[in-house]
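Participant: Below you will find the structure I want to go over with you.
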Amino acid sequence: MKNLIIAIDGAAGSGKSTTARLVAQRLKYLHIDTGAMYRAVALAVLQNDIDPEEKDAVEKLVENLRIRLRQNNGVEVLLNDKQVTDLIRRSDVTSIVSTISSYERVRAKLVEEQRAMGKNGGVVLEGRDIGTIVFPDADIKLFFVADIEERARRRCRELADKGEHVDFETILRDIKSRDYFDSTRNISPLKKADDAITIDTSNISIDEQVEKVLSIVMKKQNGKQLVKE
Ligand code: DC
């Protein structure tokens with residue numbers, strides 16, 4: 000069996016992270032959560048008291064950061080060798096991550112690391128620009144979409160599970176503004192690659208998403224042409 004490069008792109012709450020994690024587990028592949036890497040930079044910006052709007056300062060900071068993903072029953076995120084897996088999910092990180100991920104040198108550094116981690120295959124990479132920029136020649140490219148209200152409901156549930164109660168309208172507004180920012184920025188905007196297969200997750204369960212992806216993987220391994228939906 001060939002060790003594939005699987006690229007999953009999509010907006011926040013589209014289901015791509017959970018699916019990427021479960022698919023990677025089933026295939027015994029590495030799960031590379033690229034959003035977590037951008038979040039780690041955002042956390043470092045906060046920890047160093049840098050104004051996220053100060054592009055030069057953020058770009059300078061990123062040069063000296065060591066961001067690693069460690070597979071340990073899920074992905075652990077290490078920032079300068081410290082475990083920050085939970086910290087990077089905080090809402091103050093979420094509220095600045097779009098800004099810092101629009102900076103050219105931040106992207107250049109993280110894209111280079113993502114390519115190095117994925118180049119030998121056996122990886123599921125998920126993010127916004129995997130199929131378009133990071134691995135335009137990925138073996139399988141998927142683009143996850145979902146209805147915006149369903150995405151907001153998922154995010155509400157996710158936060159509630161962690162004990163953070165944020166009202167639905169606030170989350171909906173936040174998702175809309177992140178979508179807008181992520182898809183209109185100049186560098187590597189969230190965009191479906193022309194040859195990506197779209198998977199609409201609005202009305203399907205996580206299990207169904209995973210099975211869908213695995214069936215695409217099987218087809219690819221059997222040398223069948225993938226059909227775009
Ligand atoms: O997937 P996420 O919500 O954890 O991603 C956090 C942010 O990082 C999101 O606002 C967009 C950005 N991001 C990006 O610009 N490129 C990627 N490949 C992954 C995430």
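Residue numbering for the sequence shown follows numbering that gives the first Met the number 0, starting at 0 and increasing by one per position.
Virtual Cβ for every residue (Gly too), placed ideally from N, Cα, C.
In three-state terms, what does DSSP make of phenylalanine 167?
Facilitator: helix
Participant: Note down the Cα distance separating valine 216 from alanine 56, rounded to an integer number of angstroms.
Facilitator: 42 angstroms
Participant: For glycine 12, count the other beta carbons within 10 Å of its own beta carbon; 16 or more makes it buried, fewer makes it exposed. Which is it?
Facilitator: buried
Participant: Tell me, please, which residues DSSP counts as bridged to leucine 141.
Facilitator: Ile7, Ile196
Participant: Between which two residues does the alpha helix (DSSP H) carrying aspartate 128 extend?
Facilitator: No alpha helix (DSSP H) contains aspartate 128, which DSSP labels as neither H nor E.
Participant: Is isoleucine 129 near the ligand DC, with its Cβ less than 7 angstroms from a heavy atom?
Facilitator: yes
Participant: Any heavy atom of the ligand DC within a distance shorter than 7 angstroms of the CB on threonine 33?
Facilitator: For the ligand DC, at least one heavy atom lies less than 7 angstroms from the Cβ of threonine 33.
Participant: I believe aspartate 32 touches leucine 68 by the beta-carbon criterion, under 8 angstroms. Please report the beta-carbon distance rounded to the nearest angstrom.
Facilitator: 7 angstroms
Participant: Three or more beta-carbon pairs under 8 angstroms between the stretch 128-142 and the stretch 182-193, yes or no?
Facilitator: yes
Participant: Shortest alpha-carbon distance to threonine 18 belongs to which of Asp166, Val144, Leu189, Gln220?
Facilitator: The residue among Asp166, Val144, Leu189, Gln220 with its C-alpha nearest the C-alpha of threonine 18 is Val144.
Participant: In whole angstroms, what separates the C-alpha of lysine 118 from that of glutamate 111?
Facilitator: 11 angstroms
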